[in-house]
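Asks: The sequence shown begins at 37 in the numbering used here and counts up one residue at a time.
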Amino acid sequence: LVELQISGIFRAEGFIRVIGKGDKERLVPFSPRALKEIDLYLPDRNSLSIQAGNEDVLFLNRRGKMLTRNMVFTIIKELAKSAGIQKTVSPHTFRHSFATHLVEGGADLRAVQEMLGHESITTTEIYTHLDSAYLREAIISFHPRSK
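Below, the structure written as structure tokens:
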């Protein structure tokens, strides 16, 4: 998140370039709503006094520098608190929720693996904590002997 680049946004295709662990590059789809929110954010971002070397960085702090991981964590904690969420929320929480919602919504596990940048499908399987009601419904819906 902190290293996303403006030049990595492929608007027409609906993808953004993400550099993951080990400098592995992948393209991650984003929604029209996400693009709209970025478009609403960019004028404020561009009004900052952007520091040298940060011209292409998507998310900047008020001083025109790249956000740090700690800043993002602090922002998320404050937003969660103001929303009345009592559990500890982190950027990783969003990643887990994203993966779980995709799988529960019917997304192919292999596609989720690609979006998360996991080398092994096993890692993705661990990552997606599916609730028991969802698993029960999947068995009832798809197993030929359950009817």
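Using N, Cα and C, we set each Cβ at its ideal position, and we do this for glycine too.
#1: Find the nearest neighbour of Thr160 within the set Ser133, Arg53 and Arg98, judged by alpha-carbon distance.
#2: May I have the straight-line CA-CA distance separating Gly153 from Ile42, to the nearest angstrom?
#3: Would you call Ala135 buried or exposed, if buried means 16 or more other Cβ atoms sit within 10 Å of its Cβ?
#4: Looking at the unbroken alpha helix (DSSP H) that takes in Phe51, where does it start and where does it end?
#5: Beta carbon of Pro65, beta carbon of Phe51: below 7 Å?
#6: Buried or exposed, going by whether 16 or more other CB atoms sit within 10 Å of the CB of Gln122?
#7: Classify Gln41 as helix, strand or coil using the three-state DSSP reduction.
#8: Return the first residue and the last residue of the alpha helix (DSSP H) that Arg62 is part of.
#9: Kindly indicate which three-state DSSP category Leu96 falls into: helix, strand or coil?
#10: Can you give me the Cβ contacts of Arg81 inside the same chain, cut-off strictly under 7 Å, excluding the 5 residues immediately before and after it?
Replies: For this structure:
#1: On the sequence shown, residue 160 is found 124 positions in, with the first residue counted as 1. Of the candidates Ser133, Arg53 and Arg98, the one whose C-alpha sits nearest the C-alpha of Thr160 is Ser133.
#2: Within the sequence shown, numbered from 1, the residue matching residue 153 stands at position 117. Within the sequence shown, numbered from 1, the residue matching residue 42 stands at position 6. About 20 Å.
#3: By 1-based counting over the sequence shown, the position of residue 135 is 99. It is buried - the Cβ of Ala135 has at least 16 other Cβ atoms within 10 Å.
#4: As a position in the sequence shown, residue 51 is number 15, starting the count at 1. Element bounds for Phe51: not the alpha helix (DSSP H) but the beta strand (DSSP E), Phe51 to Ile55.
#5: Your numbering for residue 65 matches position 29 in the sequence shown. Your numbering for residue 51 matches position 15 in the sequence shown. Yes, Cβ-Cβ distance for Pro65 and Phe51 is below 7 Å.
#6: In the sequence shown, the residue the question calls residue 122 occupies position 86. Gln122 should be labelled exposed.
#7: Position 5 of the sequence shown, counting from 1, holds the residue named residue 41. Note: Gln41 maps to strand in three-state DSSP.
#8: Stepping through the sequence shown from its first residue, residue 62 is reached at position 26. No alpha helix (DSSP H) holds Arg62; the beta strand (DSSP E) holding it covers Glu61 to Pro65.
#9: Residue 96 sits at position 60 when you count from the first residue of the sequence shown. Reduced to three states, the DSSP call for Leu96 is strand.
#10: Translated into positions along the sequence shown, residue 81 becomes position 45. Leu96.
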